[in-house]
Amino acid sequence: MSERIEALCTSLSLHAVAHQYANLADEAAKKEISYLDYLEQVLSAEASLRAERSRQMLVKLATFPVVKTLEQFDFDAAPGAPKARVQELSGLAFIERRENVILLGPSGVGKTHVAIALGVRATERGYKVRFITAADLVLQLEKARSEGRFEQYLNRAILGPRLLILDEIGYLPMQKEQADMFFQVVAKRYEQGSIVLTSNLSFGDWQETFAGNAALTSAMIDRLLHHAHVIQIRGDSYRLRQARQSGLLGTKQDS
Ligand code: ADP
Ligand code: MG
0 MSERIEALCT SLSLHAVAHQ YANLADEAAK KEISYLDYLE QVLSAEASLR
50 AERSRQMLVK LATFPVVKTL EQFDFDAAPG APKARVQELS GLAFIERREN
100 VILLGPSGVG KTHVAIALGV RATERGYKVR FITAADLVLQ LEKARSEGRF
150 EQYLNRAILG PRLLILDEIG YLPMQKEQAD MFFQVVAKRY EQGSIVLTSN
200 LSFGDWQETF AGNAALTSAM IDRLLHHAHV IQIRGDSYRL RQARQSGLLG
250 TKQDS
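Residue numbering for the sequence shown is 0 to 254, as defined by numbering that gives the first Met the number 0.
Structure follows, in C-alpha cells:
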C-alpha cells in the first residue's frame, strides 16, 4: 500500500504528504485521533511546505545582495530611524497604498539593511520584490535599449514586482541618457507600485547624480515624494562604529 500511496503522491506532487503521511498515521493511531484530524494534519504539512517553498522562491527572485531582518537592526545606533516608524512600515500597508519609502543618510548607517528587511518582510507576505542598485539598473536599462527591448524591460522588470527597491542613488553620477532612462523608471512606477529607495545624498544634491539636469531631477523627486515616507538616518557608519568598538580604529575623537 505504501508504494501505491507514494506513487499517487508523486503523480499529484504532494511531496510533504509523501514524506510525512506514515509518521503522522503512526502518531494518529497512538493518540487515537480522528480520520478528519489526520487528514487535516497531512494537508497542513503540504500547505506549510508549499508556503515555505514559495517564500524561498520570492526571496531568490528578489535578488537581495544578502538577507537582513529588522530583528537584526539596532535602532539605538540609527538616530533618525525611529523604531515605531520603521515598524509601522514593516506592516507593509505602504505597499498596498502604492507609497514610496525613501531612506536617506550617509554611508554605513543601515539604509540598505532597512530596505532589504522591508523587502524580506514583503516576500514573507507573498509580494513579488525586486532589489537592484542604481548602477545595475542603469546597466540593465542600457542593455535592454541596445537590444531593442526597453519598453519590454520597463513593463516586465520595473512594473512586474509589487515592491521595487532601488539602492544607492547617488554613488554613480549618470550621463544624460542614463538619467533620462532612470527618470522613465520612476515615471513608470509612479502611482502604480511602491519603490523603496536609498540615497547618501539629500534631495538638494540629487541633480549632481542626474547629469546636472535640474528639470528632470525635480520632476523625478516630485513623483517620488508625492506619496512617500522619508526616513533620514543620521549618525556614524555602523561598520566604523563596530571597528572602533573592537579597537581596530582609534576612538572617534582621534579619528
Ligand atoms: P548603508 O546602506 O546606509 O550604507 P548598510 O545598510 O549597508 O548601510 O549597513 C552597513 C552594515 O552595517 C551592514 O552590514 C548592516 O547590516 C550593518 N548595520 C548598519 N546599521 C545597523 C544597525 N543600526 N543595526 C545593525 N546593523 C547595522
Ligand atoms: Mg547601502
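All residues carry an ideal CB built from backbone N, CA and C; glycine is no exception.
Thinking C-beta only, is residue j closer than 8 Å to residue i?
| i | j | result |
| --- | --- | --- |
| TYR152 | LEU136 | no |
| VAL195 | THR122 | no |
| ASN199 | GLY169 | yes |
| ALA21 | SER1 | yes |
| PHE74 | LYS67 | no |
| LEU23 | TYR37 | yes |
| HIS228 | ARG96 | no |
| MET180 | PHE209 | no |
| VAL128 | ILE164 | yes |
| SER236 | SER106 | yes |
| ARG222 | VAL185 | yes |
| PHE202 | ILE220 | yes |
| ILE232 | LEU102 | yes |
| LEU13 | GLU45 | yes |
| ALA192 | LEU158 | Here residue 192 turns out to be Gly, not Ala, going by the sequence shown. Going by C-beta atoms, GLY192 is nearer than 8 Å to LEU158. |
| ASP166 | THR132 | yes |
| ARG155 | TYR126 | no |
| LYS110 | THR197 | yes |
| HIS112 | PHE149 | no |
| ALA17 | GLU26 | no |
| PHE93 | ILE115 | no |
Need the endpoints of the beta strand (DSSP E) that residue i sits in, please.
| i | result |
| --- | --- |
| THR132 | 128–132 |
Please list the terminal residues of the continuous alpha helix (DSSP H) segment that includes residue i.
| i | result |
| --- | --- |
| HIS228 | First-last for HIS228: 227–231, but that is the beta strand (DSSP E), not the alpha helix (DSSP H). |
| ASP25 | 14–30 |
| ASP179 | 175–188 |
| ILE157 | First-last for ILE157: undefined, no H or E at that position. |
| LEU247 | First-last for LEU247: undefined, no H or E at that position. |
| SER10 | 1–10 |
Report the partner residues of residue i according to the DSSP bridge assignment.
| i | result |
| --- | --- |
| THR261 | The displayed coordinates of the chain run from 0 to 254. Any statement about residue 261 would go beyond what the structure contains. |
| ASP166 | THR132 |
| PHE209 | MET173 |
Could you confirm whether any beta carbon from chain C is found closer than 8 Å to the beta carbon of residue i?
| i | result |
| --- | --- |
| ALA210 | In the displayed structure, chain C is absent; only one protein chain is listed. |
Ordered list of alpha helix (DSSP H) runs contained in the stretch 44–124, each at least 4 residues: 82–89, 92–95, 110–123
Three-pair Cβ contact test at 8 Å for the stretch 59–66 versus the stretch 119–133: yes
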